[in-house]
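Sequential numbering from 147 applies to the sequence shown in my numbering.
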Amino acid sequence: MKQQTIYEVAVIPIGNLNALRQKETAFSYFSNLSKCIDLLAASLAINGWETKVNYTAVYRSLKEKGRYAVEYKIEGNKVFKITITPRTINPSLTMMGIEEKP
147 MKQQTIYEVA
157 VIPIGNLNAL
167 RQKETAFSYF
177 SNLSKCIDLL
187 AASLAINGWE
197 TKVNYTAVYR
207 SLKEKGRYAV
217 EYKIEGNKVF
227 KITITPRTIN
237 PSLTMMGIEE
247 KP
């Protein structure tokens, strides 16, 4: 089976404002990193947030740290955090430590 990397984008509500308005973490999955970043940048711009996300920063962070994370604040209060994490679908199957029957 062919392995493929997909990118999990999580928008995680954090900080004091989350106590006032309870929100769930929103997950999205993409097979193309540039499409993922384009949609994320567009969504942030449409909703009036600063676009801190760019392809180069995300790509380098994924290679070095294995994930990308950025927090958004308003007047010193954290509002939400965006994380991008690579995930492997169709991982290689292992024998789970089971040996061949003698």
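Glycine residues also receive a C-beta, built at the ideal position from the N, C-alpha and C atoms.
Cβ-based burial, residue i [other Cβ within 10 Å; buried from 16]
i	result
residue 214	buried
residue 230	buried
residue 183	buried
8 Å contact criterion, which residue i and residue j should meet: CB distance rounded
i	j	result
residue 190	residue 155	Contact flag wrong, Cβ pair sits at about 12 Å.
residue 216	residue 198	5 Å
residue 232	residue 171	That belief does not hold up - the Cβ atoms of residue 232 and residue 171 are roughly 18 Å apart, past 8 Å.
Cα-Cα separation between residue i and residue j, rounded to whole angstroms
i	j	result
residue 91	residue 200	Residue 91 lies beyond the range of the chain shown here (147 to 248); nothing can be said about it.
residue 227	residue 205	18 Å
residue 211	residue 167	32 Å
residue 175	residue 153	6 Å
residue 169	residue 159	6 Å
residue 218	residue 148	37 Å
residue 244	residue 238	16 Å
residue 173	residue 247	43 Å
For residue i, three-class secondary structure by DSSP
i	result
residue 206	helix
residue 174	strand
residue 244	coil
residue 219	strand
Check whether residue i and residue j have beta carbons under 8 Å apart
i	j	result
residue 161	residue 236	no
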